[in-house]
Amino acid sequence: MKCLKKIKTIEELKNNILTNELVFVYFSQPNCSVCHGLKPQVESKLKEFRKTVVFIEVDAVEIPKVSGEFSVMTAPVILLFVEGKEYMRKARFIPIQELYSDVKKIVEGTEAAKLIERV
Numbered sequence: 001m002k003c004l005k006k007i008k009t010i011e012e013l014k015n016n017i018l019t020n021e022l023v024f025v026y027f028s029q030p031n032c033s034v035c036h037g038l039k040p041q042v043e044s045k046l047k048e049f050r051k052t053v054v055f056i057e058v059d060a061v062e063i064p065k066v067s068g069e070f071s072v073m074t075a076p077v078i079l080l081f082v083e084g085k086e087y088m089r090k091a092r093f094i095p096i097q098e099l100y101s102d103v104k105k106i107v108e109g110t111e112a113a114k115l116i117e118r119v
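Heads up: the sequence shown at position 1 corresponds to 1 in UniProt numbering, and the numbers run straight through without jumps.
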């Protein structure tokens, strides 16, 4: 089951980050074999969170401005935004179980509550 919504512009990406509480962004590139192998695992493992997290896919080649704007210099890169702020960053070889555990903690609010207290 697909849960990643493909974004076509950097403005659309920024708008989603600013208007949603939890936003998961998957940056990939067409010629990235790791990207193609990881994407179905991400969609399968994280689908239980699709009611509370907005899942977005960005092709860094289609939207080259994302590299500078979000410091995406490799692929894949996963960013998780909490209330518009980058909270988690993972890149290249990403253990799927570790990713699942990290996202689950954030969704359940344990880590998000700490972030909100610090702000």
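For every residue, glycine included, the Cβ atom is placed at its ideal position computed from N, Cα and C. Please read these numbers as outputs of a predicted model, since none were measured by experiment.
| Asked | Found |
| --- | --- |
| Within 10 angstroms of the Cβ of F27, are there 16 or more other Cβ atoms? Answer buried if so, exposed if not. | buried |
| With distances taken Cα to Cα, identify the nearest neighbour of E83 among S67, G109, C32. | G109 |
| List the DSSP bridge partners of K85. | V82 |
| Give the straight-line distance between the Cα atoms of M1 and G68, rounded to the nearest whole angstrom. | Reliability fails at M1, whose pLDDT of 45 lies under 50, so the model's placement of it is uncertain and no value is given. |
| Between the stretch 10-17 and the stretch 38-52, do at least 3 Cβ pairs fall closer than 8 angstroms? | no |
| May I have the straight-line CA-CA distance separating V25 from I78, to the nearest angstrom? | 6 angstroms |
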